[in-house]
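Colleague:
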Amino acid sequence: MKRNILFLFAIAMMIAGCKGEKIETQPSLTTEPSELVLEAAGGEVQTVTVKAVNVEWDYSLAPGVEEWLTVSRDGDTLSVSAKENLKGESRNAMITVKPTDNADVKERTVTVMQKASDNPVEYTMTLKPLRLDFVGEGAAAQEVTVTITGDFTWEAAAAADWITVTPGEGKFTVTVSDNPDTKSREGEITVTPNDKSVKAETVLVVQEGKILPPEFEVDTEEISYPFNKNIGNNSRIVNVTAVSVKWEASLVAEDGGSTEWLNLSVMENQNKVNVVLWESNGAYEERRAWLVFTTDWAEKPEVRIPIVQAAYEDHLSTIVSDVDVSSKTLTCTASTSPWDPADNDETVNPNVVNSEWDIKMTESLNGTAYNQIKFKLIASRVEHNEAGEYSIEERVYTVIKPFDTGSKKESGHIEAGTAARSSFNKYPNFYYLEYEDSKTVLNSAPIVEGTVEVKHNGGNNYTFIFDTKDDLGNALKGTWTGDVEIKA
Numbered sequence: 002m003k004r005n006i007l008f009l010f011a012i013a014m015m016i017a018g019c020k021g022e023k024i025e026t027q028p029s030l031t032t033e034p035s036e037l038v039l040e041a042a043g044g045e046v047q048t049v050t051v052k053a054v055n056v057e058w059d060y061s062l063a064p065g066v067e068e069w070l071t072v073s074r075d076g077d078t079l080s081v082s083a084k085e086n087l088k089g090e091s092r093n094a095m096i097t098v099k100p101t102d103n104a105d106v107k108e109r110t111v112t113v114m115q116k117a118s119d120n121p122v123e124y125t126m127t128l129k130p131l132r133l134d135f136v137g138e139g140a141a142a143q144e145v146t147v148t149i150t151g152d153f154t155w156e157a158a159a160a161a162d163w164i165t166v167t168p169g170e171g172k173f174t175v176t177v178s179d180n181p182d183t184k185s186r187e188g189e190i191t192v193t194p195n196d197k198s199v200k201a202e203t204v205l206v207v208q209e210g211k212i213l214p215p216e217f218e219v220d221t222e223e224i225s226y227p228f229n230k231n232i233g234n235n236s237r238i239v240n241v242t243a244v245s246v247k248w249e250a251s252l253v254a255e256d257g258g259s260t261e262w263l264n265l266s267v268m269e270n271q272n273k274v275n276v277v278l279w280e281s282n283g284a285y286e287e288r289r290a291w292l293v294f295t296t297d298w299a300e301k302p303e304v305r306i307p308i309v310q311a312a313y314e315d316h317l318s319t320i321v322s323d324v325d326v327s328s329k330t331l332t333c334t335a336s337t338s339p340w341d342p343a344d345n346d347e348t349v350n351p352n353v354v355n356s357e358w359d360i361k362m363t364e365s366l367n368g369t370a371y372n373q374i375k376f377k378l379i380a381s382r383v384e385h386n387e388a389g390e391y392s393i394e395e396r397v398y399t400v401i402k403p404f405d406t407g408s409k410k411e412s413g414h415i416e417a418g419t420a421a422r423s424s425f426n427k428y429p430n431f432y433y434l435e436y437e438d439s440k441t442v443l444n445s446a447p448i449v450e451g452t453v454e455v456k457h458n459g460g461n462n463y464t465f466i467f468d469t470k471d472d473l474g475n476a477l478k479g480t481w482t483g484d485v486e487i488k489a
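All residue numbers for the sequence shown refer to the working numbering, where the first residue is 2 and numbers rise by one.
1. Enumerate in chain order the residues of its own chain whose CB-to-CB distance from Val246 is below 8 angstroms, with the five nearest sequence positions on each side excluded.
2. On a CA-only basis, which of Thr127, His316, Ala157, Glu269 is nearest Val192? Give me that one, please.
3. Need the endpoints of the beta strand (DSSP E) that Ser236 sits in, please.
4. For Thr143, which three-state DSSP category applies?
5. Can you give me the C-alpha to C-alpha distance between Lys62 and Ser198, rounded to a whole angstrom?
6. In chain order, which alpha helix (DSSP H) runs of at least 4 residues are fully inside the segment 153 to 217?
7. Could you check where the beta strand (DSSP E) with Phe135 kicks off and where it finishes?
8. Can you tell me the Cα-Cα spacing of Tyr371 and Glu437, whole angstroms?
9. For my contact list, Thr337 and Ala446 are in at a C-beta cut-off of 8 angstroms; report their separation, rounded to the angstrom.
10. Pick helix, strand or coil for Thr482, following the three-state DSSP scheme.
11. Quick one: what's Ala299 bridged to in DSSP?
12. Any heavy atom of the ligand SAM inside 6 angstroms of the beta-carbon of Arg74?
13. Under a three-way DSSP split, which group does Gly389 fall into?
14. Using a threshold of 7 angstroms, state whether the C-beta atoms of Ala417 and Val400 are closer than that.
15. Can you tell me which of the three DSSP states Val293 falls into?
16. Tell me, please, which residues DSSP counts as bridged to Phe376.
17. Report the rounded CA-to-CA distance for Asp59 versus Ser29, giving the unit in angstroms.
18. What residue range does the beta strand (DSSP E) around Gly459 cover?
19. How big is the Cα-Cα spacing for Lys23 and Val54?
20. Determine the direct distance from the alpha carbon of Thr260 to that of Ala243, and round the result to whole angstroms.
21. Using CA coordinates, which residue listed in Leu378, Val274, Lys230 is at the minimum distance from Val241?
22. From the DSSP output, which residues share a beta bridge with Arg92?
23. With a CB to CB cut of under 7 angstroms and the five nearest residues on each side skipped, what residues in its chain are close to Ser225?
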């Protein structure tokens, strides 16, 4: 009996021993202590004991904490120390201890707090210089000095791919690739501290454009003008091609004379100059000047463009033979402005006693070409009437030199053709014109003497009898009869 009791006791002890071994081998992970407080001065080492049962483990820190907190492992012990805290506020970190081979075991954390400094330092960062200027090609490297107070690091990065930044101790070096364009370009380098209390700064990088080989050309070899500044275009544009060259333009008179008959406008930003004829030439000899270009390109001599104005001409006609009106098929229009009976004050307008008829006789040729006879009849006053019926006064009209401006014009006359008084009226008064198209005149002849007789055949039918001459003695003669379109 006693033997049985001893046997049962032994079995119970074995069972109890087995149960205790199972509890002891259950995986677990603990840390002691779970909180650390470090002094601001730094340097001290505190330890954390990690107890791990049937589990492997490792530790980690949040990003950026390693810059001031150091943690090392020796077996089951973590040694923790911090650099000096220079700021006036405390800083915190967390050490995470976690299993590496058993996801069912809960990780543990140790909070670390370092006290604030009793004598805090203001964190600052300054860059010098804040702007870098580079030549367009083959630019040398330049440096930017970074001066900081406090305990932090920084990074410098360029936004443009043509800028390269190489960091150094308390500085960084900047290089640029060659600029392929002739225009300058700009980029920025941003220097970012790892401490959020310090503001990021930027450096402006400016690179000049690529310098092209010098070039200078003008597109004009000679400038010529008629003697009369009011006939035709009196403005000449000279275009300039200038590359990597500065230039100036000026007028130089021939033989020490004057250039007051010309006006020069320099449009350097547009690479153009405009030479304008300022005066008519009253001399029977042509006059000359030079448009002179000079540059800062030592290898380029000055460029001289001759300017020539024709000598005065005592005739304007360019036709070479008589013109017979009788052989032409013409259409005719006559325009006038009737006088209102209420407008009868000769002291205000001395020409209130007469009216003018603008006569245009047109001969259509092929395409857009045509010939035209135009003149102005000074007739007795055409009164306004309710019926709107008007007729040209029958009489012989004599060609005379033009009346002075503002003077009283006598009826029965036609003002002779003269040189233009403005570019808007190139053929004033009595002219025979041969047009190539609606704007281009091939030949013109001012009619300066003779008579034009007008006969009214009834209705709108009239006869015009020409016995006139131009300023070269060519005759404009003959008879035309036909319907006239009256415009009033």
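For glycine and all other residues, C-beta sits at the position ideal for the given N, C-alpha and C.
Modeller: Considering the structure as presented:
1. Mapped onto the sequence shown, residue 246 falls at position 245. Cβ within range, chain order: Pro215, Glu216, Phe217, Thr296, Asp297, Trp298, Lys301.
2. The residue you call residue 192 lines up with position 191 of the sequence shown. If we check each option's Cα against that of Val192, Ala157 comes out closest.
3. Taking the first residue of the sequence shown as position 1, residue 236 is located at position 235. First-last of the beta strand (DSSP E) with Ser236: 236 to 244.
4. Position 142 of the sequence shown, counted from the first residue, corresponds to residue 143. Note that residue 143 is Gln in the sequence shown, not Thr. DSSP places Gln143 in strand when its eight states are reduced to three.
5. In the sequence shown, the residue the question calls residue 62 occupies position 61. In the sequence shown, the residue the question calls residue 198 occupies position 197. Note that residue 62 corresponds to Leu in the displayed sequence, not to Lys. Leu62 and Ser198: Cα-Cα distance of roughly 21 angstroms.
6. none
7. Position 134 of the sequence shown, counted from the start, is the residue given in the question as residue 135. Element bounds for Phe135: 132 to 135.
8. Mapped onto the sequence shown, residue 371 falls at position 370. Mapped onto the sequence shown, residue 437 falls at position 436. Looking at the two C-alpha atoms, the distance is approximately 7 angstroms.
9. Taking the sequence shown and counting its residues from 1, the one referred to as residue 337 is at position 336. Taking the sequence shown and counting its residues from 1, the one referred to as residue 446 is at position 445. At roughly 25 angstroms, the Cβ-Cβ gap does not stay under 8 angstroms, so Thr337 and Ala446 are not in contact.
10. As a working note, residue 482 is residue 481 in the sequence shown. Strand, per DSSP.
11. Within the sequence shown, numbered from 1, the residue matching residue 299 stands at position 298. Paired residues: none, contrary to the question.
12. The ligand SAM is absent from the structure shown, which contains no ligands of any kind.
13. Reading the sequence shown from its first residue, position 388 is the one you call residue 389. If DSSP states are grouped into helix, strand and coil, Gly389 belongs with coil.
14. If you number the sequence shown from 1, residue 417 lands on position 416. If you number the sequence shown from 1, residue 400 lands on position 399. Contact: yes.
15. Indexing the sequence shown from 1 puts residue 293 at position 292. Three-state result, Val293: strand.
16. Counted from its first residue, the sequence shown places residue 376 at position 375. Ile360.
17. Start at 1 with the first residue of the sequence shown, and residue 59 comes out as number 58. Start at 1 with the first residue of the sequence shown, and residue 29 comes out as number 28. Rounded to the nearest angstrom, the two C-alpha atoms are 14 angstroms apart.
18. In the sequence shown, the residue the question calls residue 459 occupies position 458. First-last of the beta strand (DSSP E) with Gly459: 442 to 459.
19. Working through the sequence shown from its first residue, we reach residue 23 at position 22. Working through the sequence shown from its first residue, we reach residue 54 at position 53. Unreliable placement is indicated for Lys23, whose pLDDT of 48 sits below 50; the coordinate value is still reported in the next sentence. Approximately 12 angstroms between the Cα atoms of the pair.
20. Locating residue 243 in the sequence shown gives position 242, where the first residue counts as 1. Locating residue 260 in the sequence shown gives position 259, where the first residue counts as 1. If you take the alpha carbons of Ala243 and Thr260, they lie about 26 angstroms apart.
21. Residue numbering aside, residue 241 sits at position 240 when the sequence shown is read from its first letter. The candidate whose alpha carbon is nearest that of Val241 is Val274.
22. As a position in the sequence shown, residue 92 is number 91, starting the count at 1. Answer is Gln115, bridged to Arg92.
23. The count along the sequence shown starts at 1 and reaches residue 225 at position 224. Hits under 7 angstroms: Val309.
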